[in-house]
Amino acid sequence: MSYQDIINTRRTVYALNDQLPIAEDEAVKIIEDAIVASPSAFNMQSARAIILLGDQHKALWGDIVTGELEKIVPAENFEPTQQKMDMFGAAHGTVLYFEDEDVVNQMKQQFATYADAFDAFSAHGQGIAQVNAWNALAEAKIGASLQHYNPVIDDAVRECWNVPASWKLVAQLVFGGIVEPAGPQERMPASERIRIER
């Protein structure tokens, strides 16, 4: 499979189960390697992650996210939310993505000329680390969807997994065996998004 094939294959897959097509250790290695290999501006390497498996993964969706959302979503409207939480909990694992703000702040001090740009640089590196892992999982025929329940769950996640104070939660990549592939996706053509100047 070419790299372009991998990019085209990677989709948001919601219907997941806990049956991976490869060994769990192999999937973890894929995620680790993708994050470590991801480039970042000034090589600051500020992306951090916690990979939740088994009961830890289930606790995230069944206890923490559900519990925090129950505080803000009216009970009479909670059923669709509960269905989503059950769907995410049925997957095999979750990658919690963080940015180490201490690293970003150090870079702002070290390279003061670019200080105002480092938050954007940080976001760029984070996005690369996320999509690289997502693409690598797709190549291994593992489905995934990227979720964003931060900042609602930040404090509970920090307490549950003893997350360093400088780590800011930015996304949650749910992954697992594919029960049902993603449906068709409409994509704007390159001619509407990209200009070529010669």
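Using this note's numbering, the first residue of the sequence shown is number 59, and each one after it goes up by one. For glycine and all other residues, C-beta sits at the position ideal for the given N, C-alpha and C. Predicted model, so just to flag it, every value in this text is computed and none were measured.
Within this structure, are the beta carbons of Gly185 and Ser104 separated by less than 8 Å? In the sequence shown, the residue the question calls residue 185 occupies position 127. In the sequence shown, the residue the question calls residue 104 occupies position 46. No. Outside cutoff.
Around the Cβ of Tyr61, are there at least 16 other Cβ atoms within 10 angstroms (buried) or fewer (exposed)? Translated into the one-based positions of the sequence shown, residue 61 becomes position 3. So Tyr61 counts as exposed.
I'd like the span of the alpha helix (DSSP H) that includes Trp192, first residue to last. On the sequence shown, residue 192 is found 134 positions in, with the first residue counted as 1. Note, Trp192: alpha helix (DSSP H), 176 to 197.
Buried versus exposed call for Gly235 [16 or more other C-beta atoms within 10 Å across all chains shown]: Position 177 of the sequence shown holds residue 235. Classified as buried, Gly235 has 16 or more neighbouring CB atoms from the shown chains inside 10 Å of its CB.
May I have the straight-line CA-CA distance separating Val86 from Ile109, to the nearest angstrom? Counting from 1 along the sequence shown, the entry for residue 86 is found at position 28. Counting from 1 along the sequence shown, the entry for residue 109 is found at position 51. Their backbone Cα atoms lie some 8 Å apart in a straight line.
Please report the distance separating the alpha-carbon of Ala214 from that of His206. As a position in the sequence shown, residue 214 is number 156, starting the count at 1. As a position in the sequence shown, residue 206 is number 148, starting the count at 1. Their backbone Cα atoms lie some 15 Å apart in a straight line.
Pick out whichever of Thr70, Asp63, Trp119 has its Cα sitting closest to the Cα of Ala148. By one-based count along the sequence shown, residue 148 stands at place 90. Nearest option by C-alpha distance: Trp119.
Between Val80 and Met102, what straight-line distance do the alpha-carbon atoms span, to the nearest angstrom? One-based indexing of the sequence shown puts residue 80 at position 22. One-based indexing of the sequence shown puts residue 102 at position 44. Note that residue 80 corresponds to Ile in the displayed sequence, not to Val. A direct Cα-to-Cα measurement between Ile80 and Met102 gives close to 32 Å.
Closest Cα partner of Glu238 within the set Ile200, His115, Val228, Ser96: Taking the sequence shown and counting its residues from 1, one reaches residue 238 at position 180. Ranking Ile200, His115, Val228, Ser96 by CA distance to the CA of Glu238 puts Ile200 first.
At a cut of 8 Å, does the segment 121 to 137 reach the segment 240 to 253 through at least three beta carbon pairs? The segment 121 to 137 is not in contact with the segment 240 to 253.
Three-state secondary structure (DSSP) of Lys226: As a working mapping, residue 226 is identified with position 168 in the sequence shown. Strand.
Which class does Tyr155 belong to by DSSP, given the choice of helix, strand or coil? On the sequence shown, residue 155 is found 97 positions in, with the first residue counted as 1. Strand at Tyr155.
Measure the beta-carbon distance from Leu74 to Tyr155 and round it to whole angstroms, keeping in mind my assumption that it falls under 8 Å. Residue mapping note: residue 74 aligns to position 16 of the sequence shown, counting from 1. Residue mapping note: residue 155 aligns to position 97 of the sequence shown, counting from 1. Not a contact, Cβ separation roughly 18 Å.
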